[in-house]
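Take a look at the structure set out below.
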Amino acid sequence: MAGETANNNEIVIPSLTRVWLAEVGTAAPADATVVMPAGWRAVGLTTEDSLKFNNEPNFEQVRSAQSSYPTRTFQTQDASTIEVDLQQWSGENFRAVYGGGEVTEITAQDSKKHYKFTPPRIGARTEIAACIEVIDGGKNYRYMVPRTMQMEGVNTELAKTKEAVLPLRLAVQSGDDSDAWYVITNDPSFAPVAPPTDG
Numbered sequence: 003m004a005g006e007t008a009n010n011n012e013i014v015i016p017s018l019t020r021v022w023l024a025e026v027g028t029a030a031p032a033d034a035t036v037v038m039p040a041g042w043r044a045v046g047l048t049t050e051d052s053l054k055f056n057n058e059p060n061f062e063q064v065r066s067a068q069s070s071y072p073t074r075t076f077q078t079q080d081a082s083t084i085e086v087d088l089q090q091w092s093g094e095n096f097r098a099v100y101g102g103g104e105v106t107e108i109t110a111q112d113s114k115k116h117y118k119f120t121p122p123r124i125g126a127r128t129e130i131a132a133c134i135e136v137i138d139g140g141k142n143y144r145y146m147v148p149r150t151m152q153m154e155g156v157n158t159e160l161a162k163t164k165e166a167v168l169p170l171r172l173a174v175q176s177g178d179d180s181d182a183w184y185v186i187t188n189d190p191s192f193a194p195v196a197p198p199t200d201g
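When the letters of the sequence shown are read in order and numbered with the numbering used here, they come out as residues 3 to 201.
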């Protein structure tokens, strides 16, 4: 078929994924394969099918009496979220899932150390930076989110028959002077198309 652009090399099968978190303002990686800079922390093991990056723009439509279709559509806002279920329980993962909080050591009756996690109070949630890393063979992709915040409730199922996961649900934040999110990759299919030459 004329103009056929089918290319099975452009199918992405995420053979390995990682989620990294850092304080807002931590230096982002310079490319798609460099070692993550200091300050980034991998959340560890996650469930196989829970990782999602959602982008959901909102639109308004202008209706006119002379048309059955909208006569104009305009975007009113953008919204993006990260969803993933964490399998590893740790103080840092609890802080990520609950939007902040504090872990302190407490005096215990036995000789082992005990710790207390206190979730953040209203108005004390903290923003974090996030990176979703996707690897498919030699192709690497990093979704970089400079600012995001946990903005959903936490529903942890404590069933005897399966592992209890921590649901990380991050809403992308933005500022006027930076990209809300972007992807860096070494995938050659992302190379800009050269403009046609006259001749």
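From the three backbone atoms N, C-alpha and C, an ideal C-beta is built for every residue, glycine too.
To the nearest angstrom, how far is the alpha carbon of residue i from that of residue j?
i, j, result
"V136", "Y117", "34 angstroms"
"Y71", "Q77", "17 angstroms"
"A30", "V147", "9 angstroms"
"Q175", "D181", "10 angstroms"
"E12", "D138", "10 angstroms"
"G27", "M38", "14 angstroms"
Are residue i and residue j closer than 8 angstroms when you measure CB to CB?
i, j, result
"T83", "A173", "yes"
"L88", "V105", "no"
"I186", "L23", "no"
"C133", "R149", "no"
"K141", "D179", "no"
"E107", "K115", "yes"
In terms of residue numbering, what span does the alpha helix (DSSP H) encompassing residue i cover?
i, result
"V99", "93-99"
In terms of alpha-carbon separation, which member of the options lies closest to residue i?
i, options, result
"P121", "A132, I134, V156, N142", "V156"
"Q152", "K141, S176, L160, R127", "R127"
"A81", "N56, E159, L160", "N56"
"G46", "A196, S69, A34, L170", "L170"
"N60", "G125, E85, Q79", "Q79"
If you follow the beta strand (DSSP E) that residue i is in, where does it begin and where does it stop?
i, result
"V174", "168-174"
"L23", "18-25"
"F119", "116-120"
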